[in-house]
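When we follow numbering that gives the first Met the number 0, the leftmost residue of the sequence shown carries the number 0, and every step to the right adds one.
A quick write-up on the structure given underneath.
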Amino acid sequence: MRKLISMLLVLCMLATMDILPAFAEAGTFTGVGNGKAGEGSIEVAVTVDDQGVITAVEVTKDVDSEDGTGMSNLAVSTVPGAIVENNSLAVDTASGATLTSNGILEAVEAALTAAGLDAAAYKTAAAPAVETEKEAAEETVDVLVIGAGIAGLSAALSAKENGANVVIIDKMPIPGGTTNVAGGILVCVNSDLYKNCRLESDSLEAVTEYWKAHMSVSGVDSGYPDYDRLQGVLADTGATVDWLVANGIEFSAEPYAGSVTYPMALANGGGAGLINMLVAAAAAREIPLVLECRGTALVTDDAGAVVGAVAETADKVITYHAKSVILTTGGISQNEELVAKYSPKLHRAGLVPTSAVSHTGDGFLMALEVGAGTFDVFATPLFGTTFDPALAGVADTSALSIYAQLGVNANGDRFANEAASAGWDVMDYTASDMIQDGNAPFWYIFDSANEAVLPALEAGAEAGIVAKGETVEELALNMHVYTANLKAAFEKYGAAVAAGEDTEFGKPAAFLAPIEKAPFYAVKVFPTTFGSAGGVTTTEDGRVTRQDGTVIPGLYAAGEMSNRYYYNENYILAASLGIYSTMGRRAGAAAAQDAAAK
C-alpha cells in the first residue's frame, strides 16, 4: 500500500511539473530576438534566481530605436518590467511598438532556454495579484498638470515661469505620450529661429490657405476648423518655438525640408528627443514629475470650482489640493467605446489607433463629471493606413504597398484612387477615403507577378489572414464580398490600366499596374490615427467651459483634450505638436495667474 501511495505521489508531481519552470542555476543569460529592424535587432540580458524566478530583464541592444522615430521606446521601457512583475512571457505588447515588443519577448524566451529552463512554462499568465488597501496621502500645489506629453510639459514650464508651484503626474512609466512616436516637427509661423532663412510660405496667410485646402479633402463640412481661433494659435506658434529654444529645446538650424508648404522646426532627436529635452527642462526648474500616477477624479468645492484631483499609484491614493488643474491626458483614440460613441463614422471604418496606449479618455471623462462642455461629434486626425496588424505577426510586410494595387470595400466595389496617399503631406488621403466610404473592411488585391511580396502573402494565406483565390470568383468567395461587384472592379481597373488613364478616380498612370497573374491575394487595410479631434470646450487660453460657455473655475485643458477647433476630418501632417505646445503654454500661464489671484 505504501509503495502504491508513493507511486501515486510521484505521478502527481510529474503531472504538475509541465506547468512549472524547470529550475536551473541562478545567473544572467542572454537572448536574441527579431524586432522591427529585422533579424537579431533585439538582445536582452535576463537574470533568474535558483527557483527559476525572473528577477531582471535588460534590453542590451535595440536596433529598432535607430530609425529615429522613438517608437521602440515604449516597448523597451514597459515590456521588460511587465515580464519581471508577472514572472511570465504572457504580457501585453506596447501599443504602437508591437514588433519591438515581440522581439523582446522572443529574446527573453531564448535567454530562458539558454538558462536550461522550460520557456514554454513562462507563457502562462500569472495569477492576478491580491489587492491590498492603498495608503491615503495628500499634497498641496498651486498647479497640478495631469498628463506629461508635449502639451502637459509645455503647460508645466509655462506655469512655473509664471510663478506657480507645479507638479506633473502621468499614468505611464515613461512621459511623452504620442509625442514619443511622432516626428518631433512643429509648425512655427514667423519664428525668430528662422528669421535668416525664412521660407516664402512662412506667413499666417500662406499656412491658412494650405490648411483650408487640406481640410476640404474629405468633402465634408463639419463646421470646423474655427478659422479665427486657428489663426490665433497659428500666429503664436513661432513665438512658442522661440520660447522652447529659450527653455533649452534644440531644433534644426534650418526649416524642416520635408515640405515647403509651411514653416516647420524639427526637434533634435525627433519626438522622443523633444520629450527628453522637455523633461530635462522641467527637472532643471525643479518641477516634480510623478510617473505611474493616474488621475482618477477631479475635486470640486460647493460652488463647482475645481480645487484639486485624486490620483492613484501602485500603493497610494493621493489627493492633490490644487488651485488650478490642467488636463493634458490626450484623446480617446485608444478607448473603443468612446470612439464608437463620439466618432461613429470612424468606428465603422475599422480605425486602428497608432497613438499612445494611454489615450483612453481619462481626462475627458473626468472633465465631463464636473460639467465640462464637449462637441457633438469628434473627428480623428488620420495618419495613414496599415495592413492588417495580424499579418505583421506572421510575416515581414515591408515589401507590401497599396499604391499599385486594386482597392475595394466590403461590397467588392473600388472606392478610391489607391495612390492618393503617395506623398509626404497627403499620406492621410486614402484613410480619408475609407472613412467617407464607410464600408469596412477594405481590401487591397495583389497578383503573383511581384515575387518580392509572395512570401508575406503566402504566409498570411496559410494563417487565414490573407484571402487567396485562383480565380476572381474564388477570391471573392474567400473575401466574403459580392462576386459580381469584384469582377466588375477587376474589369474596370484592367481597362484603366490598358488605357493608361483612370477616368473613374484619377489614379496616376505611373501607379496603374496590371493585376492579372493568378493566384490572387487580398489583404485587409485599415485607416490609422495618431489621436482624436474633440475633447472639451475651452477659451482660447485653455480655461474649460460648460456647455453654456461659462468657465469652470480652476480647470484648464490643452492638446488633444480640446482640439476640435482646428480640424475638419483630416490631419495636417507635422502641425499638431506646434499647436499643442502653444495651447499648453497659454493654459499654463492662465492657470498660474489664476492661482496667484486666489
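For every residue, glycine included, the Cβ atom is placed at its ideal position computed from N, Cα and C.
Verify whether the separation of the beta carbon atoms of residue 105 and residue 37 is less than 9 Å. As a first step, residue 105 must be located in the sequence shown, where it is residue number 106. As a first step, residue 37 must be located in the sequence shown, where it is residue number 38. Cβ distance not < 9 Å, so residue 105 and residue 37 don't count as in contact.
Need the endpoints of the alpha helix (DSSP H) that residue 60 sits in, please. On the sequence shown, residue 60 is found 61 positions in, with the first residue counted as 1. Element bounds for residue 60: not the alpha helix (DSSP H) but the beta strand (DSSP E), 53-61.
At the level of alpha carbons, what is the spacing between residue 468 and residue 476? As a working mapping, residue 468 is identified with position 469 in the sequence shown. As a working mapping, residue 476 is identified with position 477 in the sequence shown. Roughly 8 Å between the two C-alpha positions.
Separation of residue 322 from residue 536, as counted between CA atoms: Position 537 of the sequence shown holds residue 536. Position 323 of the sequence shown holds residue 322. The alpha-carbon atoms of residue 536 and residue 322 are separated by roughly 20 Å.
Tell me the residue span of the alpha helix (DSSP H) that contains residue 346. Residue mapping note: residue 346 aligns to position 347 of the sequence shown, counting from 1. Looking at the DSSP string, the run of the alpha helix (DSSP H) that includes residue 346 is 343-347.
Give me the Cα-Cα distance between residue 511 and residue 193, rounded to the nearest whole angstrom. Locating residue 511 in the sequence shown gives position 512, counting from the first residue. Locating residue 193 in the sequence shown gives position 194, counting from the first residue. Taking the straight line from one Cα to the other gives about 41 Å.
Taking all protein chains shown into account, decide if residue 139 is buried (16 or more other Cβ within 10 angstroms of its Cβ) or exposed. Within the sequence shown, residue 139 is the residue found at index 140, counting from 1. Exposed, since its Cβ has fewer than 16 Cβ neighbours within 10 Å.
Could you spell out the range, first to last residue, of the beta strand (DSSP E) harbouring residue 141? As a position in the sequence shown, residue 141 is number 142, starting the count at 1. Residues 134-145.
Any chance the CB of residue 495 is under 8 Å from a heavy atom of the ligand COA? With respect to small molecules bound, the structure shown includes none, and the ligand COA cannot be examined in it.
If we count Cβ pairs, one from each stretch, closer than 8 Å, do we get three or more for the region 573-591 versus the region 141-158? yes
Does the beta-carbon of residue 397 have 16 or more other beta-carbons within 10 angstroms, so that it is buried, or is it exposed? For the purposes of this step, residue 397 is identified with residue 398 of the sequence shown, where counting begins at 1. Classification of residue 397: exposed, given that the 10 Å Cβ count is below 16.
Helix, strand or coil for residue 581? Go by DSSP, reduced to three states. Reading the sequence shown from its first residue, position 582 is the one you call residue 581. Helix.
Residue closest to residue 597, alpha-carbon to alpha-carbon, out of 285, 222, 304, 341: Position 598 of the sequence shown, counted from the start, is the residue given in the question as residue 597. Residue 304 is the option with its Cα nearest to residue 597.
Going by DSSP, what residue range makes up the beta strand (DSSP E) through residue 479? Translated into positions along the sequence shown, residue 479 becomes position 480. Here residue 479 belongs to no beta strand (DSSP E), and DSSP marks it neither H nor E.
Give a yes or no on whether the C-beta atoms belonging to residue 361 and residue 328 are separated by under 9 Å. Translated into the one-based positions of the sequence shown, residue 361 becomes position 362. Translated into the one-based positions of the sequence shown, residue 328 becomes position 329. Yes, they are a contact pair.
Around the C-beta of residue 19, are 16 or more other C-beta atoms found within 10 angstroms, so that it is buried, or is it exposed? Numbered from 1 along the sequence shown, position 20 holds the residue referred to as residue 19. Caution applies to residue 19, whose pLDDT of 41 falls short of 50 and renders its modelled position unreliable; the value that the coordinates give is listed next. Looking at its Cβ environment, which holds fewer than 16 other Cβ atoms inside 10 Å, residue 19 is exposed.
Unbroken beta strand (DSSP E) run spanning residue 466, endpoints: Along the sequence shown, read from residue 1 onward, the residue named residue 466 stands at position 467. It spans 466-468 - the beta strand (DSSP E) in which residue 466 sits, taken as one unbroken run.
Apart from the five residues on each side of it in sequence, which residues of its chain come closer than 7 Å, Cβ to Cβ, to residue 246? Walking along the sequence shown from the start, residue 246 turns up at place 247. Taken in chain order, the residues that qualify are 156, 280.
Within its chain, find whatever has a CB closer than 7 Å to the CB of residue 389; leave out the 5 residues flanking it on each side and keep chain order. Against the sequence shown, residue 389 aligns to sequence position 390. The residues are 464.
Evaluate residue 131 with the Cβ neighbour count: other Cβ atoms within 10 Å of its Cβ, from every protein chain shown; 16 or more gives buried, anything less gives exposed. Residue numbering aside, residue 131 sits at position 132 when the sequence shown is read from its first letter. Looking at its Cβ environment, which holds fewer than 16 other Cβ atoms inside 10 Å, residue 131 is exposed.
Do you know how far the Cα of residue 311 is from the Cα of residue 353? Reading the sequence shown from its first residue, position 354 is the one you call residue 353. Reading the sequence shown from its first residue, position 312 is the one you call residue 311. So the alpha carbons of these two residues sit roughly 26 Å apart.
Identify the residues that DSSP records as bridge partners of residue 319: which are they? In the sequence shown, counting from the first residue as 1, residue 319 sits at position 320. The partner list for residue 319 (beta bridge, DSSP) reads 138, 308.
Relative to the C-alpha of residue 251, which candidate in 283, 226, 196, 290 has its C-alpha closest? Walking along the sequence shown from the start, residue 251 turns up at place 252. Among 283, 226, 196, 290, the Cα nearest to that of residue 251 belongs to 196.
Work out the CA separation of residue 26 and residue 416 for me, nearest whole Å. Indexing the sequence shown from 1 puts residue 416 at position 417. Indexing the sequence shown from 1 puts residue 26 at position 27. Spanning the two alpha carbons is a distance of roughly 57 Å.
Using the Cα positions of residue 282 and residue 399, report the straight-line distance between them to the nearest angstrom. As a working mapping, residue 282 is identified with position 283 in the sequence shown. As a working mapping, residue 399 is identified with position 400 in the sequence shown. Going by the C-alpha atoms only, they are around 44 Å apart.
Would the beta-carbon of residue 558 fall within 9 Å of that of residue 148? For the purposes of this step, residue 558 is taken as the residue at position 559 of the sequence shown. For the purposes of this step, residue 148 is taken as the residue at position 149 of the sequence shown. Their beta carbons are under 9 Å apart, which means residue 558 touches residue 148 by this criterion.
Excluding the 5 residues preceding and the 5 following residue 201 in the sequence, name in chain order all residues of the same chain whose CB lies nearer than 6 Å to its CB. Counting from one through the sequence shown, the residue named residue 201 turns up at place 202. Result list for residue 201: 262, in chain order.
Coarse secondary structure for residue 506, derived from DSSP in three states: Taking the sequence shown and counting its residues from 1, the one referred to as residue 506 is at position 507. The answer is coil: DSSP assigns residue 506 none of H, G, I, E or B.
Does the beta-carbon distance from residue 341 to residue 567 come in below 9 Å? For this step, residue 341 is matched to residue 342 along the sequence shown. For this step, residue 567 is matched to residue 568 along the sequence shown. Going by C-beta atoms, residue 341 is not nearer than 9 Å to residue 567.
Just curious, the beta strand (DSSP E) that residue 331 is in, first and last residue? Within the sequence shown, the letter at position 332 stands for residue 331. That residue, residue 331, is in no beta strand (DSSP E); it is neither H nor E in DSSP.
Can you tell which of 491, 39, 29, 34 has the C-alpha that lies nearest to the C-alpha of residue 45? On the sequence shown, residue 45 is found 46 positions in, with the first residue counted as 1. Comparing Cα positions, the closest option is 29.
With a threshold of 8 Å, are at least 3 pairs of Cβ atoms found where one atom belongs to the region 421-435 and the other to the region 568-582? yes
Determine whether the beta carbon atoms of residue 421 and residue 443 lie at a separation below 9 Å. Position 422 of the sequence shown holds residue 421. Position 444 of the sequence shown holds residue 443. Cβ atoms of residue 421 and residue 443: not closer than 9 Å.
According to DSSP, which residues form a beta bridge with residue 45? The count along the sequence shown starts at 1 and reaches residue 45 at position 46. Answer is 28, 56.
Residue 221 versus residue 211: straight-line alpha-carbon distance, rounded: The residue you call residue 221 lines up with position 222 of the sequence shown. The residue you call residue 211 lines up with position 212 of the sequence shown. Taking the straight line joining both Cα atoms gives about 13 Å.
contact_flag[the region 509-525, the region 536-550] where n(CB pairs < 8 Å) is 3 or more: no
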